[in-house]
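Student: Before I ask anything, let me first share the structure, which is written out below as structure tokens.
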Amino acid sequence: MSLSLSLSRFLKRSSISPKVFSRFTTAKLQAPNSVPAYSQLRNTFASTSFYSNRSQNRFFSSESSDPTKQPREAEDVHVVIVGGGPAGLAAAIRLKQNSIKNNTDHRVVVVEKGPELGAHTLSGAVIEPGPLEMLFPNWNELGAPLLQPAVKDEMKFLTKNNAFSVPLPEAMSNTGNYIISLSSLVKWLGAQAEELGVEVYPGFAASELLYNDKSEVIGIATNDMGLDKNFKPKPGFERGIEFHGKITLLAEGCHGSLSKQAIKKYNLREPGKFQTYGLGLKEVWEIDPAKHEPGKIQHTIGYPFDNKTYGGSFLYHMKDNLVSVGIVMGLDYSNPYISPYQEFQRFKMHPYIRNFLEGGKVISYGARSLVEGGLQSLPKLVFPGGALLGDSAGLINLPKIKGTHNAILSGILAADSISKSFDTPNSEEQGQILLDDYQTTFESSPIYKELYEVRNIRPSFHSALGTIGGVIYSGIETMFLKGRTPYTLQHKQPDYASTKTKAESTPIEYPKPDGIVSFDILTSVSRTGTNHAENQPVHLRVSDLKENPTRNYEKYAAIEQNFCPAGVYEYVDDETNPGKKRFQINSQNCIHCKTCDIKDPEQKINWTVPEGGG
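Have a look at this one:
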């Protein structure tokens, strides 16, 4: 998804001369996350009649002015969508479809922090196609990349050296589903959105919610471009851009930085209700064709996780001898010595898994946090001027390990509610939209019903019986009870509060990587495709950096080194204080999983969007 295509569509709808339009659209754009690209976008905005009454020297009004304090330029649109994933793009597409059907013209903007759509989306997923069919009944004719039907399911229980077949719960059946590259699907959805007139701006990270004097959200601001690591402007510095809209949809994915702000500001989650998270680590391999079974879906439980750690794993056989292999483990684990990255390496070294991978090669690696709390952890989905979609709300069906279908459907529901609001008399003169209809519709939707049926499965693993008790209860729940119990189990505390101290925990010795199926962490990071400039502000904000060695190194066994799947955090020798450690942040390694923000025991780390989105 090119920035130039999005800008071309914007220009075609603007009052700009053909000569200026031609000069811009034939120019070669810089990479979307570069300062020149920001300048081109701003110059494009400034060329339109929308800006004809705006001062052209608002940014650098005098030589002595601090450019970081200058007002931003602002664009007025109807709907602002943060996040170019399945939920955000589905909402944008549905809004434009409704506009066409109702013969109206509503301007819809999607801002995406990745340098292109799909760049921050882990490939290798299984999708239920129903909600996609609601958007595009003819998705097959349109070339949607649902190319590999699921043809076979398998469930194994792993011990350290063996694998035993176990019954597959009916709820986990994948009949009628497709194994896909989620990144490819996102790119395809983006192309459909732009064909309908949606403006998609990749490489522009939304860093701030904007409010009016009534504390209603009126839009977002993208982050400034061209700051050095000390937050000082570099040559070519550009202020961020504001997008103002009647409604702002947050579709950032799990634990999004703006979603986190909205949930806190508007008290969207009830007191005593906690979200719980998992961390998914995944690689895409090209394997020996003799071992490849297109359409086969394999799930495992047991090893490498102990009875106190929630987790599972998978292999999805995609097309072209590709296999997506990964684990998902709960971040409510207690032992600070646990390393999710090393658990993933141990999983791949299991004889049953190793057999599939040996002789193959790794194509890519990634890790993302995912929402596991289910129905009882859902926040209220609407707030003044905005709403939460997809993983920002927490709509994953954990027993299925699926959320894409619910993300798409949530986007459709929100878009239909917005269109209904726009159709009311004098809607243009009204203030910010409160999407109460979206909340009501959601609570009677298939998403709610699906999450209700499985609501007790994840919290059942909190019992004294641990994983074994949870597996037994889950089997009874999925096969017989199907959510009809008169009670709802709760998550008793946030994940960070479950962490025990070093003194209470047992160290873990992990095997060294063999370079065949298991790898050191920096080798894996090189396969992620993330990119951060060296001289930019650190986007991982630690509130008391100097105290961290005393707090987490000594008390929690250097937990940041262990929980981060990308080698971002290190404790190194302090040259100025012999015998002591210094906390070092290698922010250029960050792969945006947000585990640090979730799991840090003292909650001193705040993940913010990096410059240009990374």
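My numbering puts the sequence shown at residues 1004 to 1617. All C-beta atoms in this analysis are idealised placements derived from N, C-alpha and C, irrespective of residue type, glycine included.
Please determine if the segment 1452 to 1472 and the segment 1300 to 1318 are in contact, where contact requires at least 3 C-beta pairs separated by less than 8 Å.
Tutor: Touching, yes, given that three or more Cβ pairs across the two stretches are closer than 8 Å.
Student: Checking 8 Å against the spacing of the C-beta atoms, do K1159 and A1153 come in under that value?
Tutor: Within the sequence shown, residue 1159 is the residue found at index 156, counting from 1. Within the sequence shown, residue 1153 is the residue found at index 150, counting from 1. Cβ distance not < 8 Å, so K1159 and A1153 don't count as in contact.
Student: Hey, how far is the Cα of A1293 from the Cα of I1183?
Tutor: Indexing the sequence shown from 1 puts residue 1293 at position 290. Indexing the sequence shown from 1 puts residue 1183 at position 180. Each residue's Cα considered, the two are about 21 Å apart.
Student: If you drop the 5 nearest sequence neighbours on each side, which residues of the same chain put their C-beta closer than 7 Å to that of V1038?
Tutor: Taking the sequence shown and counting its residues from 1, one reaches residue 1038 at position 35. Low confidence applies to V1038: its pLDDT is 46, below 50, so where it sits in the model is not reliable, and the reading given next is rough at best. M1228, G1229, G1239, E1241.
Student: Could you tell me which residues DSSP puts in a beta bridge with R1371?
Tutor: In the sequence shown, counting from the first residue as 1, residue 1371 sits at position 368. The partner list for R1371 (beta bridge, DSSP) reads G1283.
Student: Let's test the definition: count the other Cβ atoms within 10 Å of the Cβ of N1143 and tell me whether it reaches 16, buried, or not, exposed.
Tutor: One-based indexing of the sequence shown puts residue 1143 at position 140. With fewer than 16 other Cβ atoms within 10 Å, it is exposed.
Student: Does DSSP classify H1295 as helix, strand or coil?
Tutor: Position 292 of the sequence shown, counted from the first residue, corresponds to residue 1295. Three-state result, H1295: coil.
Student: Between the beta-carbon of M1175 and the beta-carbon of P1449, is there less than 8 Å?
Tutor: In the sequence shown, the residue the question calls residue 1175 occupies position 172. In the sequence shown, the residue the question calls residue 1449 occupies position 446. Going by C-beta atoms, M1175 is not nearer than 8 Å to P1449.
Student: Quick check: what's the CA-CA separation for S1367 versus Y1490?
Tutor: In the sequence shown, the residue the question calls residue 1367 occupies position 364. In the sequence shown, the residue the question calls residue 1490 occupies position 487. Each residue's Cα considered, the two are about 43 Å apart.
Student: Are L1199 and I1096 closer than 8 Å when you measure CB to CB?
Tutor: Taking the sequence shown and counting its residues from 1, the one referred to as residue 1199 is at position 196. Taking the sequence shown and counting its residues from 1, the one referred to as residue 1096 is at position 93. Yes, the Cβ-Cβ distance between L1199 and I1096 is below 8 Å.
Student: State the beta-bridge partners of V1571 as determined by DSSP.
Tutor: Here residue 1571 corresponds to residue number 568 of the sequence shown, with the count starting at 1. Answer is none; V1571 lacks a bridge partner.
Student: Using the DSSP secondary-structure output, state which residues sit across from Y1214 in a beta bridge.
Tutor: Along the sequence shown, read from residue 1 onward, the residue named residue 1214 stands at position 211. Looking at the DSSP assignment, Y1214 forms a beta bridge with V1220.
Student: Any chance the segment 1118 to 1138 sits against the segment 1260 to 1278, with 3 or more Cβ pairs inside 8 Å?
Tutor: With a cut-off of 8 Å, the segment 1260 to 1278 and the segment 1118 to 1138 do not count as touching, because too few Cβ pairs lie within range.
Student: For the pair the segment 1212 to 1223 and the segment 1378 to 1395, tell me if three or more CB-CB distances fall below 8 Å.
Tutor: Yes, since at least three Cβ pairs between the segment 1212 to 1223 and the segment 1378 to 1395 fall closer than 8 Å, the two stretches touch.
Student: Mind the definition here: the segment 1256 to 1263 touches the segment 1596 to 1611 only if three or more C-beta pairs lie below 8 Å; say whether that holds.
Tutor: Result yes; three or more Cβ-Cβ pairs closer than 8 Å.
Student: Starting from the Cα of K1311, find the closest Cα among G1275, M1332, I1084 and give me that residue.
Tutor: As a first step, residue 1311 is located in the sequence shown; it is residue number 308 there, counting from the start. For K1311, the nearest C-alpha among the options comes from M1332.
Student: Assign L1145 to buried or exposed, taking buried as 16 or more other Cβ atoms, counted over all protein chains shown, within 10 Å of its Cβ.
Tutor: Within the sequence shown, numbered from 1, the residue matching residue 1145 stands at position 142. By the neighbour-count rule (16 or more Cβ atoms within 10 Å), L1145 is not buried but exposed.
Student: With burial defined as no fewer than 16 other Cβ atoms inside 10 Å of the residue's Cβ, what is the status of A1487: buried or exposed?
Tutor: Sequence index remark: in the sequence shown, residue 1487 carries index 484 (1-based). Just to set this straight, residue 1487 is Arg in the shown sequence, not Ala. With fewer than 16 other Cβ atoms within 10 Å, it is exposed.
Student: Tell me which same chain residues have a C-beta within less than 6 Å of the C-beta of P1172, skipping the five on either side of it?
Tutor: Mapped onto the sequence shown, residue 1172 falls at position 169. Counting only Cβ-Cβ distances below 6 Å, and skipping sequence neighbours, we find T1481.
Student: Determine, using beta carbons only, whether L1282 and L1334 come nearer to each other than 8 Å.
Tutor: Within the sequence shown, residue 1282 is the residue found at index 279, counting from 1. Within the sequence shown, residue 1334 is the residue found at index 331, counting from 1. Taking 8 Å as the Cβ cut-off, L1282 and L1334 qualify as a contacting pair.
Student: What three-state label does DSSP hand E1078 in the structure shown?
Tutor: The residue given as residue 1078 occupies position 75 in the sequence shown. Three-state DSSP puts E1078 in a strand.
Student: In the DSSP assignment, find the alpha helix (DSSP H) that holds A1093 and state where it starts and stops.
Tutor: Taking the first residue of the sequence shown as position 1, residue 1093 is located at position 90. 1089 to 1105 is the span of the alpha helix (DSSP H), which, as asked, contains A1093.
Student: Please return the same chain residues whose Cβ sits closer than 7 Å to the Cβ of T1225, not counting the five positions on each side in sequence.
Tutor: Taking the sequence shown and counting its residues from 1, one reaches residue 1225 at position 222. V1114, F1207, A1208, A1209, S1210, G1243, I1244, listed in sequence order.
Student: By a C-beta neighbour count over all protein chains shown, 10 Å radius and 16 as the cutoff for buried, is P1354 buried or exposed?
Tutor: For the purposes of this step, residue 1354 is taken as residue 351 along the sequence shown, with counting starting at 1. It is exposed - the Cβ of P1354 has fewer than 16 other Cβ atoms within 10 Å.
Student: Compare the Cα-Cα distances from K1405 to each of N1105, A1128, K1072 and report the closest residue.
Tutor: Translated into the one-based positions of the sequence shown, residue 1405 becomes position 402. Here the closest residue by C-alpha is A1128.
Student: Out of K1485, D1394, T1579, point me to the one whose CA is closest to E1456's CA.
Tutor: In the sequence shown, residue 1456 corresponds to position 453, counting from 1. Here the closest residue by C-alpha is K1485.
Student: Residues in the same chain with beta-carbon distance under 6 Å from D1079, minus the five sequence neighbours each way, listed in chain order, please.
Tutor: One-based indexing of the sequence shown puts residue 1079 at position 76. Excluding positions up to five away in sequence, the list reads H1247.
Student: So, are the CB atoms of A1254 and V1085 less than 8 Å apart?
Tutor: Stepping through the sequence shown from its first residue, residue 1254 is reached at position 251. Stepping through the sequence shown from its first residue, residue 1085 is reached at position 82. Cβ distance < 8 Å, so A1254 and V1085 count as in contact.
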